[in-house]
Structures are given as C-alpha cells and as structure tokens.
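Under numbering that gives the first Met the number 0, the first residue of the sequence shown is numbered 0, with each subsequent residue one higher. Here a beta-carbon is modelled for each residue, glycine too, at the ideal position from N, C-alpha and C. As the structure is a prediction and not an experimental result, all values here were calculated from the model. Notes to accompany the following structure.
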Amino acid sequence: MANEEDDPIIQEIDVFLARSLLEKLYLFQYPIRPASMTYDDVTHLSAKIKPKQQKVELEMAIDTLNPNYCRSKGEQIALNVDGTCTDETSTYSSKLMDKQTFCSSQAASNVSRYAAAVYKKGELHLTPLHGILQLRPSFTYLDKADAKHREREAANEGGDSSQDEAEDDVKQITVRFSRPETEQARQRRVQSYEFLQKRQAEEHWVHLHYYGLKDSRSEHERQYLFSQGHGLAENTELIKSPSEYLMMLMPPSIEEENDKPMAPSNVLSMAQLRTLPLADQIKILMKNVKVMPFANLLSLLGSGTDPTAVLRCVQQVALLVQGNWVVKSDVLYPKDTSSPHSGVPAEVLCRGRDFVMWKFTQDRWVVRKEVAAVTKLCPEDVKDFLEHMSVARINKGWEFMLPYDEDFVKKHPDIVQRQQMLWMGIQAKLEKVYNLLKEHLTPKKQEAQAAHPLLVSGEQRVNMAKAKVKQNYGQLEKEFQKQKAELKSSDASAKTDVPNIRIKEEPVSVEEPMDTSGQEGLNNGLVNGLHPAQGSLEPVNGHLPGGCDRVAQELKAFVASTFKKQFVLTLSELKRLFNLHLASLPPGHTLFSGISDKMLQDMVLDTGCKQILVPFPPQTAASPDELKVYALWEAGDTYDQHRQVLLELFSKNYRVRRNVIQSQLSQECGEDLNKQEVDRVLKVSFCSLW
0 MANEEDDPII QEIDVFLARS LLEKLYLFQY PIRPASMTYD DVTHLSAKIK
50 PKQQKVELEM AIDTLNPNYC RSKGEQIALN VDGTCTDETS TYSSKLMDKQ
100 TFCSSQAASN VSRYAAAVYK KGELHLTPLH GILQLRPSFT YLDKADAKHR
150 EREAANEGGD SSQDEAEDDV KQITVRFSRP ETEQARQRRV QSYEFLQKRQ
200 AEEHWVHLHY YGLKDSRSEH ERQYLFSQGH GLAENTELIK SPSEYLMMLM
250 PPSIEEENDK PMAPSNVLSM AQLRTLPLAD QIKILMKNVK VMPFANLLSL
300 LGSGTDPTAV LRCVQQVALL VQGNWVVKSD VLYPKDTSSP HSGVPAEVLC
350 RGRDFVMWKF TQDRWVVRKE VAAVTKLCPE DVKDFLEHMS VARINKGWEF
400 MLPYDEDFVK KHPDIVQRQQ MLWMGIQAKL EKVYNLLKEH LTPKKQEAQA
450 AHPLLVSGEQ RVNMAKAKVK QNYGQLEKEF QKQKAELKSS DASAKTDVPN
500 IRIKEEPVSV EEPMDTSGQE GLNNGLVNGL HPAQGSLEPV NGHLPGGCDR
550 VAQELKAFVA STFKKQFVLT LSELKRLFNL HLASLPPGHT LFSGISDKML
600 QDMVLDTGCK QILVPFPPQT AASPDELKVY ALWEAGDTYD QHRQVLLELF
650 SKNYRVRRNV IQSQLSQECG EDLNKQEVDR VLKVSFCSLW
C-alpha cells in the first residue's frame, strides 16, 4: 500500500487500434548515418522490394561536396566498377561513387508483439507491424568490379594468341545419362542452399516511389496511423474476456524459431501436432507410439475430435490386433528404404513384421526363434519387430504389450469384422510367401486359453447368489425378528408419552422439491435450500408459509437480475445459480423456506421470459433439466430483435450454421452484418452458453 501511495496515477490515456495500414506497415532500422550521406535528399533515391521475401533495397545519395568525402577514393571505386566507358549499364554515371545501396534482412521472425504508436490529443493509436527490417550496406559493386577485372584479363590473354593458329584437334567426349531422381534426392536438392538462393533470385523486384518527410503524400499516409472510428463495431478485436486480455498483455514467452535447436526425429511436439490435419496427426502418433488403444488415441487428439473420423483415418495407417491398433509395416518401412542392420529391402521387412502381427492376432505369446525360422531374417530385425508390440518374459517368450481391449471390440463390431477380413487376406499372402505349415496356422490350446479371460454366464451368477442367500437365510430371519420386536416396543412407548399429539396431514402435490444434490458443497449445510434451524416454517413440496409475498418478491428479483446478465439459461444452470445465491444469503432469509422446480419455472415465465423448445436429438445424453431452455424475450437493449431471430432459428433446429444465421439476421433486421458483428450478437445473446 505504501508503494501505491508513493506512485499515484497521473493520467489515464485511451488506446485505439488503427487498422488502415494493417499488414502494410514496416519498420526500417537504418545504420548510423555517415556524415556524407543525406536522408533528406530524395532526388537520387530509389527503392525496390520483393514482397514474398520481405526484402528491400534502397539507393541513397552521398553528398560528394561534403568535406569528409574523399573524392579520389570515389573516382577509383567508380573506375573499378564501370571501367573507362560510360553507358546506360554503368553503376556510377558521374564517374564518381555518389550513391550507396542498402539491403535489408529480417530483424525478427515473429513481429506480432510489436506496433507503431502515435500519441495525439490524449489518445494513443497503435498500428501492428507487418515486418521489422534492418538495412545494411550492400557491397555488390565490389563483385561487379571483380567481374570487370576478370573480363579484362581474359581479353588480354586472348589477344596475345596468334590468329594463324590451326584449329584445335578433335577431342573425344564421353556422354553420360543421369539416373532418374529419387524422392529422397529431390528433397535434399529442394532443401539445399543453392536451390533456395535460386528460388529467391527468381522473384522479381517491385519498384517503389519514395516520398520525403515533408511531402504532401507522406502527410496523407501518416493520417492512416490514427484510428478512423472509435465505435465499438470498428474495434471488435479489443472485446476480449478477462483471461484472453491477460493473455494478450502477458503472452507466454516464445523463443525465436531461428534460435531453436533442431529437434531429434523421435521427439514430437504436441503443440505443432495440433496444427496438422487429422490424418497426419494420427499417422505421426501411430508411427511414434506403434501400439495404442483407441481410447488413448482419442485423448491425445484432444477434446471435440469426432470418433468416427478418427476411426476412418486410423484404419489407413494401423491394423487391429487384440482390440488395439498397431501401426502398419509400410508406414514404418516406406518404399525404397532398407534395414539398418542387414540392408534387407523394405518389402521383405514388411512381410516379416506382418507375420509377427498376424501371430499376435492368433496367440498372446510369440517365440522369437519360431519367427526367425519362418521369416529367415537376422536376429536384430526380428527383435525390432517384437519390441514394437510386445514385451519379453523370461522362459516364456514375447507377450503382447497391451491387454485385450474388450470394450472396443463390443462397441465396434463392424470395424472388428472388417479387420478380420483384412487379416484373412494377409494370412493368405503369408501362406504363399513362407509356405506356412499347419502347426503355424493353429494356435496352441494353452495360449488360446490365456488370450481371453474366463467368462461367467448370467445364469451361473444367479445360481451362485441364490446359494449364498440360502446359506445366510437363518441369520437374516433372526435379525428381522429382532428389528420387528424393537419397532413394537418403540410404538408402545410413543403412544403412552404423547397421547394428545396429532399428525398434520397435507395433500400430496405433484410438484417435487428442487434437486440440489449436485451442489452439496455450495449450500453450507443447507438441504434443498432449507436451514435445519428453520424447520418450523413448514415448507412442504413448494407450499410457502404466511410470508409468501415476500418470498415471491425475493425470487422474482433474483430471476430478473439473473436473466438481465445472461439472457439464455437452461433450467440446470438456473438452479445452480440459485443455489449459489442461497449460499451467499444469511441464515434465516425468506428464500430458505423452500423453492420447488415448478415455482422457479413459473417465476421465470412471469418475469417476461419464454421457454424455447429446442428440438434436441433423441439420443442426446443431456439431463431433462438441461433440455429445458428459457430466454429473456425483451431486454430493452439494441440486440432484442437479433436475439429473437436467433431464438426462432434454434426453436426449429438445435444446430444452425453460421452463414444461415448471418443471412437470416440480415434479412430480418434489414442490415448487412459481417462475421465479426455476427460473433458479437451471438456472444451477447448466448453469453452463458458461449
């Protein structure tokens, strides 16, 4: 507190985002200006740019009349570059080095955190930068001077030779035909430095016009650094939630891509993986993990991923073994590759690994010697196959590393049947290639029994339960008789002690008290919104005591304030908010008299809200309270008409496309709304469901 008092706030400044020069504004960082160079002299200045590479070249004039300029050096450099002749191709037409070329390089690869700021009349206007370029002197004229020198030397050597010299003897030449370029060779060539340099040189220069600081055009362009509109619709980027705004103010530190070391090929970044298409994500995951249950694959892909799409993609890169997915052999061993141990081509490796996978579809255990005897591969290759999908057990062999996924097999019988047909085709190919014997095709009895767990039928479980009940029947009968005797004795004592007490009987109502079991931790000892000490108020199934008017007023005030903040709510969410409201009230408050679901729903309708009959699908897993949707029809703001159009749409279908919403809003409201304005309407109207 003492530090805050010593540092008071002097002034508050409004910040605006200017968008006129978005993706057009660059920051040039010039070197220290030499005394002989004038940035204000624009008559000899030219500029050109390569937009894709964000590369700029500037030619700036050198003041040759400056006393710090060495004229003899300038003449010597011009002579070395252009020679004695002067024409249109000359670099220095005045036979004097009177200009300097500057070439740019990117100062930072990520400039999203930088902006140009202009302060005017108590307002700060920010324009995001599209690039930051550092300008450095270019010495390409020296290369041109060297080329001129070599040409002069070659001309002098050619002039000394005799013109009468006989023609050169005929020489034998060898013609060689290059091999077809492989995919790996093409990738190496594309990633080479020479190829990248050639690609960059192929891009054409775009010549620019330079305008000085005091030019009228520069003054006109400078006005674009100010925000053109201060309205809310023009600055929708600044409408963020508190967490998003905090993330913008303090983003996580991201290292520059150029500074990052090259990651090993077996290291997978989940952040980069999420940016790839779903099929590529599944392929990379299966290639790295090799064996995975379907549930684990879904969890790695993130929430919201369609399981049907995942099933469609995983079948392209993996095969089903004991209910788990194992990556295909041709994914691990692509075409035109070979074994690092024996040099065996990929086709032979794929057949050998397919044999191991097929064995695990028959048995839970596989013997390494048997695989080596059939496939005729070296022990190192066979060991690699087995380590991909199994674990070595001493004196037993290799056991499949994952348990049998019975849940997946039961949920997706069509996938299991399709995979069985694939394995039948693979088995037929293996029989032809390896000439498999009958002992290889039939699994052993012990292994087959160990592969599946022991199952007990329902009838056996019922018989076992009946036998257990018969054994305990005598004990249960004794306990029942004992409890019956205790109840009789307690009833007799109650009649003798309180003869004048009458039990109050009330009619049974169809209403049910509000279910608040899910919010026990929020009620602070409350049961159905009722304090234990307030039992004398006699709330029974929603029937209020004498002060019902006050309870109705309190309940109506809560419902009205809640729907003013959140215009659309489900009954489940409204009950949760009501319980939070009860937890914040002091003991003895009138709302603790007990509020039923029907009373709460009637009060919602009395406050001007309507129930939206959203046609949810029959197979939805939502609770009945989550299917009841209530909305405030008229809130008195500018979005009432938009909100009513949206509610009419969702009363016809529970899922509506954005373009349908945009066209319907434009048609009903008579105004063209862009994507950002539609997002704004959706966020304001359905903030509780957003």
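When the beta-carbon positions are compared, L385 and R363 stay at least 9 Å from each other. By the criterion of a C-beta distance shorter than 8 Å, L310 is surrounded in its chain by F293, H411 and I414, once the five residues flanking it on both sides are discounted.
By alpha-carbon distance to L664, the top candidate from N652, V677, P241 and R654 is V677. Taking all protein chains shown into account, H203 has fewer than 16 neighbouring C-beta atoms within 10 Å of its C-beta and is therefore exposed. Counting the other CB atoms within 10 Å of its CB gives D380 a total of 16 or more, which places it among the buried residues. Here the stretch 110-125 lies against the stretch 212-229, with 3 or more beta-carbon pairs under 8 Å apart.
The continuous alpha helix (DSSP H) containing R642 extends over residues D639 to F649. Between F566 and L631 a beta carbon distance of about 5 Å is seen, short of the 8 Å cut, so the two are scored as contacting.
Going by C-alpha positions, Y192 is about 12 Å away from Q186.
Close CB contacts of D329 within its chain, under the 8 Å cut and outside five residues either way in sequence, are with A345 and C349 (chain order).
For L331, the uninterrupted alpha helix (DSSP H) run begins and ends at S328 to L331, by DSSP.
Boundaries for W204: no alpha helix (DSSP H) harbours it, and the DSSP string shows neither H nor E there.
Where S103 is concerned, the enclosing beta strand (DSSP E) starts and stops at K98 to Q105. R352: member of the alpha helix (DSSP H) spanning A345 to Q361, first to last residue.
H387 carries a helical assignment under DSSP once its states are collapsed to helix, strand and coil.
Within the same chain, S571 come within 7 Å of S622 by CB-CB distance, once the 5 residues on both sides are set aside.
Non-local beta-carbon contacts of Y653 in its own chain, meaning distances under 8 Å to residues more than five positions away in sequence, involve V613, P614, F615 and P616 in chain order. For D13, the enclosing beta strand (DSSP E) stretches over residues D13 to L16. Per the DSSP secondary-structure output, K54 pairs in a beta bridge with K49. Inter-segment contact for the stretch 632-646 and the stretch 578-594 is absent: fewer than three beta-carbon pairs are separated by less than 8 Å. Secondary structure note for Y433: its alpha helix (DSSP H) is the uninterrupted segment P412 to Y433. Contact between F101 and E56 holds: their C-beta atoms lie close to 7 Å from each other, under 8 Å.
A direct Cα-Cα distance of roughly 10 Å separates R273 from D279. Take R70, set aside five residues on each side of it, and the residues of its chain with a beta-carbon closer than 8 Å to its own are T63 and L95, in chain order. With fewer than 16 neighbouring CB atoms inside 10 Å of its own CB, T173 falls in the exposed class. Judged by DSSP in its simplified three-state form, V117 adopts strand. Three or more beta-carbon pairs separated by less than 8 Å link the stretch 417-426 to the stretch 303-320, which places the two stretches in contact.
Fewer than three beta-carbon pairs drawn from the stretch 300-310 and the stretch 325-339 are found closer than 8 Å, and the two stretches are therefore not classed as touching. Linking M602 to K555 through their CA atoms gives a straight-line distance of about 6 Å.
Residue range R70 to D81 is occupied by the alpha helix (DSSP H) that includes G73. In terms of CA proximity to E398, V365 leads the group L376, V365, Q416 and F407.
When the Cα atoms are used, Y332 and A200 turn out to be separated by approximately 38 Å. Using a Cβ distance threshold of 9 Å, V313 and L299 do not count as a contacting pair.
Excluding its 5 nearest sequence neighbours in each direction, A372 has no C-beta neighbour in its own chain below 7 Å.
Just so you know, the alpha carbons of L207 and L24 end up roughly 14 Å apart.
DSSP places H588 outside both helix and strand once states are collapsed to three, so it counts as coil.
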